[in-house]
Each structure stands twice: as structure tokens, then as C-alpha cells.
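Here is the structure we will look at, set down as C-alpha cells.
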Amino acid sequence: MPRNAGHLFTIALGVLGWGVVLALPALDVLPDAAHTSPLWIALFVVVILAARALAFRLIEGSVLSLDSAYYVAAALCVGSVGAGRLVAIALTVDASARLYYARKRDRVDPATWWEELGYVLYFGGMSGAVVTLCGHALGADSVMATLPDSAPNAVEIALRVVSIATLLLVTHYAIQGVRIRLLGRSWRTYLQDLALPGILAEASLMPIGVVLVLLYDPDQPLGFLLLSLTYLLINLVFSRLSRTQHQLEERVHDLEILTATARKLSASLQLEELVEAVARETVVAIPEAEAVALVHRRSGGESGLVIDGFDRSSDRFFRQSMVEGSGAAGWVMQHLQPRRIDDLETEDLDLGVDGTQGIRSWLGVPLMMYGGCEGVIAVQSTRQGAFRADHQRLLESLALQIAAALQNAHLYELAMIDGLTGLFMRRYFDARIEEEVERSKRYGTPFSVLMMDVDDFKKLNDEHGHLIGDRVLRSIANTVKAQLRGVDTASRYGGEEIAVILPRSDMVSGYNVGERIRAAIADSRITTDSDPPKVLTVTASFGVASYPESKAADGEDLIRRADRALYRAKKTGKNRVELFW
53 MPRNAGHLFT
63 IALGVLGWGV
73 VLALPALDVL
83 PDAAHTSPLW
93 IALFVVVILA
103 ARALAFRLIE
113 GSVLSLDSAY
123 YVAAALCVGS
133 VGAGRLVAIA
143 LTVDASARLY
153 YARKRDRVDP
163 ATWWEELGYV
173 LYFGGMSGAV
183 VTLCGHALGA
193 DSVMATLPDS
203 APNAVEIALR
213 VVSIATLLLV
223 THYAIQGVRI
233 RLLGRSWRTY
243 LQDLALPGIL
253 AEASLMPIGV
263 VLVLLYDPDQ
273 PLGFLLLSLT
283 YLLINLVFSR
293 LSRTQHQLEE
303 RVHDLEILTA
313 TARKLSASLQ
323 LEELVEAVAR
333 ETVVAIPEAE
343 AVALVHRRSG
353 GESGLVIDGF
363 DRSSDRFFRQ
373 SMVEGSGAAG
383 WVMQHLQPRR
393 IDDLETEDLD
403 LGVDGTQGIR
413 SWLGVPLMMY
423 GGCEGVIAVQ
433 STRQGAFRAD
443 HQRLLESLAL
453 QIAAALQNAH
463 LYELAMIDGL
473 TGLFMRRYFD
483 ARIEEEVERS
493 KRYGTPFSVL
503 MMDVDDFKKL
513 NDEHGHLIGD
523 RVLRSIANTV
533 KAQLRGVDTA
543 SRYGGEEIAV
553 ILPRSDMVSG
563 YNVGERIRAA
573 IADSRITTDS
583 DPPKVLTVTA
593 SFGVASYPES
603 KAADGEDLIR
613 RADRALYRAK
623 KTGKNRVELF
633 W
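This is the structure:
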């Protein structure tokens, strides 16, 4: 059933319009035009359909065709009833054709057949009824009755055309405006972008309507045909100009999007922040995208690919591993070229990841940098044929910026991430702790620093070798990262020593985190490659200092105090957490 007042209004007005077109003449309420030749009816219908085919879009969801001059001319030449019927027939055929092609492109929800029927009834019936009633009200039938037998008065014809056209256009756009408003769209946008430009454009062609009536001869259609060709050429010029304008507006819009995206992507070198910026900017650039997937290399020196996804409806991010070369994204990376899939159900290729049930359309573009592929940026939709060539062109432009930003993030990571542990390097830690001190001074929020050292690490290296020592450090680093929040910062401070910044954490919170990490490390086991293999148990000691609780002067002083607490933990038995009060 219809879903809102706008669709109910559309259906009701369509039924009412067809009642006016068909029922009133049958009840002798309006005079019929029985003498009108079917040839002339057909000629008017063909020209109106041709003008409709040249229609152009002014605002989203509404098109303008400059055919009102023929509605008015038809009312004066074949009578208000005949004109209403031929207009109703022509616009019904046009609306049906538009729906047919829209359904072929899957632009229409199959569940809205009531609304589709209302659309067809409305544009045929309403337009035909308006032509019939406006023409009859302003004397079109009296002019029609004299045209075949006497020479028309040019001044009278011009006045009739102007008066009928004025009433017709105002009535039509007023009714259409009510429908637009009931469908939830803006009155101001409708008036500024469609109604006023439409009325002016239609009015500019009304002189042709006057000439059509003056040339009307039921037995000699040649003049009508020649003038109609000129009329259609004018329509073609308007249509081309409008399309060129829209193309220029789309280019400007694309450039604005690219500029805004470049600004957002350059704001951070952190991979997590970059992924979020890419996802949000992509759905802004391509509103048809219901989800975004960014395929890229893993961070922290790990091998393999990862997919960072964003679901627009739930505003949720998710991450999955990806087997290299699998699915549609793998195809894009292997062939180094974009791929647009209009209907996944008809393709032999799947997306190669979980959680893609119901996806029909997919568009993926490679992220190229220095001749290599950094990954893939892809958008997807549950609608068939959701993405067009202009979406692909825009996504390719976005991909250039995304690839450069990813490359910069990875280079930054190489400069700031320790290759063995995947933790930040010391220079990054030193910069971050000063930022936290300034933030604490400004907002009064505490933060803690946790210093940890692997117990008896030199002895472990001497007994089992440096390869096992490296394995232990990697294992401990992974354990530390697993116990931290996203806002926390862990770095390899030197050798087997790890330092952690805990924003918005006081001394007690810092102690709890340290104790949690200590217990997790003590519970872990590491197996050697010796024959027979040995299972190693490793422990670590911790020192915690908090700002401003530990009364440190600055970040460097806070590190010294945490280090003293760590020293005390080492001296009092190891495998423990000590605080600096």
C-alpha cells in the first residue's frame, strides 16, 4: 500500500484526473470533439512524446520537458476534451516507459507497485484533466469550433494562448508543488530550481503555440510538421544546455569532494584514524554506497592483507583478514584495474569475505602508488546496478589520494614502529608523553606511565639464544597490546624495557592495568625450537607513576619516577607492580 500522504495524493489525483478526461465528456458535461481527425491526434501525441524524450532534470526526482505549448495548441485546435485525452495518453505512455527503464536498472523498489501505478495515473490523468479544464474554462472550444471554417484572428489567438498557458502552467506547477511537499521535499528548492525556471522556459516557447494554431489546417499538416521540427530542435538545445550545466556542476561537486577529502586524509598519519576518515569521506562522496571496504597491508610489520570495513546504516567499523588474491578485491589487485559489478548474483566471482549476504552491486578501484598496488577501495550496495560510470570516475580520483595517504601512514609507521615488537619507538613515546602533560595541565585529567622490564632476560638470551629472546619479546608485546585500550600508547623503550602511557588513568587505574598485564605475561608459555622442545615461563616487573599524583615536574621527570618504582619492583622479588607515590 502507499507509504505516505504524498503517494496517496498522487494516486487520488491521478484517478480524479482520468475521471475528468473520460467521464465528463461522456456525461455531456464537456463538449466532445468528434470531428477531430485521428491523424491530428496522432501527430500531437508523437510530438509531445518526442518533447518528453528530450526532457531534462532540474532537481533530483523531477524532470522538465518543454511541451506545454503543444498542450495549449491542442486545446485550441482539437478542443479541450481532445487535447486532454491526447495529453493523458502521451504522458501515460511516457511515464510507463520511464518506469520500465528504471525497473530494468533496478532503480525502483519492487514492493511499491501501488506507488508506480499512482505515478502513471497521476502524470497522465492529472495533466490531461488540467489541460481539459483550463482549455474549456478559457474558451478553447469556441475557438476550435471556428478554426476549420474561418481564418483565425491572430490577436485573439495570441490572447487565448497566453491566458490558457498562464492558467495551465500555474495550476500544473501548484499541484506538482503540493505533491513535492507531501513527499517531504523542500518548497523553496522546488520553487527556485524547478517551478520558476520551468514556467519561464515554457512561457518563452508559447509564441510557437500561437503560430501552430494559426497554421492549423486539418487537410494540410505540412506546416505543422515543419514548425514541430523547429520546436523539437529548440527542445534539444535546452536539453543539451541543461545536461552540460549538470555535468559542470557534477565536476565542481567532485572537485569540492576531492579537496575536502584531501584535507581530511592529510590531517593524520595514524593508520586507525586514516581508515575512519577514508570510510566516512567515501560514503559522503558516493551516497549510493551502503558500505565501504578498504583493503590494505597489515600494520606493525605483520605480513598479509586486512579489510577495514564500514557499515553506513549501523555506523559500525569492522576488520577481517583477507587471503591475497581472493574475491573481487583480489581480482582488482591482480589485474591492477577497476571492476564494477552490477549484479553479483549473475557473476561467477564472490567478494571473498564474510558478512556480504544480500550485496548486489560492488565497485572496487586499486590503490596505485609508484607502480605498485597498495590495496583496494571498494563500495557496495544491496541494490542492483547502484553504481554508475561517474561513481567509478570519482572513486578512481579518491583512490589516488587514499593511496598516497596510506603510503604516508605506512612510511610513518616504519619510522615510528619497532620492527621486532610492533610497538612504537621511543621517540614517539617521548613526544606523546609531553602531549599528555600539556593535556593534563589544560583539562585537569590525570594520566599514568607504566614502565616494565622482562625479568632475567639476559639469562634467557644466554641460555636459549637471541632468536628465542626475540620470540619472547614479540610474545610479551602482543600480550601488552591485548590488555590496552585504543587510546593507550605502548612503546619499546629500550632493550627488553617497555613503556606505556595510559591517558585519563590515575594511580590506582595504572596499578590495575599493570597487574593485569603482569598476570597475563606470567600465564603465557613460550616453546623453544630445541630437541626436545622446552616450555619457558617468563615474568616481568612494573613501575607506575601518575601525573599529577607523583608530583613530577614534566614528562621526563615522570618517566624517572616510574623507573624508580620499577627498580624497587626488581629489588623486592620481581614479577610485581610497584607505585611511585
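Numbered by our numbering, the letters in the sequence shown go through residues 53 to 633 in order. All C-beta atoms, glycine included, are put in the ideal place defined by N, C-alpha and C.
From the DSSP output, in three-state form, read off residue i for me.
i      : result
Ile550 : strand
Pro418 : strand
Glu630 : strand
Val72  : helix
Asp395 : coil
Gly410 : coil
Glu426 : strand
Gln535 : coil
Met374 : strand
Ala604 : coil
Asp505 : strand
Gly474 : coil
Tyr599 : strand
Ser238 : coil
Ser593 : strand
Ser132 : helix
Arg440 : coil
Arg435 : coil
Among the residues of its own chain, which have a CB less than 8 angstroms from the CB of residue i, if the five just before and after it don't count?
i      : result
Ala189 : Leu219
Gly229 : Trp239, Tyr242, Leu243 and Ala247
Leu101 : Ala142, Val145 and Asp146
Val72  : Gly136, Gly177, Gly180, Ala181, Thr184 and Leu185
Arg371 : Val358, Ile359, Asp360 and Gly361
Ala57  : Leu234
Lys533 : Gly474, Leu475 and Ala542
Leu284 : Val99, Ala102, Ala103 and Leu106
Residue i bridges to which residues according to DSSP?
i      : result
Val587 : Thr579
Thr541 : Ile553
Phe61  : Answer is none; Phe61 lacks a bridge partner.
Phe499 : Pro555 and Tyr599
Ile469 : Phe476
Arg368 : Asp363
Considering only residues of the same chain and omitting the five flanking positions on each side of residue i, which have a CB-CB separation below 6 angstroms?
i      : result
Asn205 : none
Pro585 : Thr579
Lys626 : Asp507 and Ser593
Thr497 : Arg556
Ala451 : Val417, Leu419 and Ile429
Give every residue of the same chain whose Cβ lies closer than 7 angstroms to the Cβ of residue i, excluding the five residues on either side of it in the sequence, and list them in chain order.
i      : result
Val629 : Tyr563, Gly566, Glu567, Arg570, Phe594, Val596 and Ala621
Leu463 : none
Ser215 : Leu190
Leu173 : Ile63, Gly66, Val67 and Trp70
Arg391 : Ala380, Trp383, Val384 and Gly416
Tyr123 : Ala135, Val139, Val183 and Leu220
Leu631 : Met559, Tyr563, Val596 and Ala617
Met468 : Phe476, Met477 and Tyr480
Whole angstroms is fine: what's the gap from residue i's alpha carbon to residue j's?
i      : j      : result
Glu308 : Ala314 : 10 angstroms
Glu342 : Arg349 : 24 angstroms
Pro54  : Tyr152 : The predicted model places Pro54 with a pLDDT of 46, which falls under 50 and marks its position as unreliable; any figure quoted below should be read in that light. Rounded to the nearest angstrom, the two C-alpha atoms are 19 angstroms apart.
Arg479 : Glu486 : 11 angstroms
His443 : Thr434 : 16 angstroms
Val344 : Val506 : 42 angstroms
Leu525 : Ser449 : 42 angstroms
Gly134 : Glu333 : 54 angstroms
Phe290 : Leu321 : 48 angstroms
Leu266 : Val98  : 20 angstroms
Asn287 : Ala312 : 37 angstroms
Ala455 : Glu324 : 15 angstroms
Ala542 : Val375 : 29 angstroms
Phe499 : Leu447 : 42 angstroms
Ser280 : Ile227 : 28 angstroms
Glu607 : Val489 : Reading off the sequence shown, one finds Gly at residue 607, where the question assumed Glu. The straight-line gap from Cα to Cα measures roughly 6 angstroms.
Tyr150 : Tyr171 : Note on residue identity: the sequence assigns Arg, not Tyr, to residue 150. One C-alpha to the other measures close to 10 angstroms.
Asp119 : Ser194 : 23 angstroms
Ile528 : Ile573 : 6 angstroms
Ala430 : Phe439 : 11 angstroms
Val428 : Val330 : 12 angstroms
Asp470 : Arg544 : 7 angstroms
Could you tell me which uninterrupted beta strand (DSSP E) segments, each at least 3 residues in length, are contained entirely in the region 323 to 366, listed from first to last along the chain?
343 to 349 and 357 to 363
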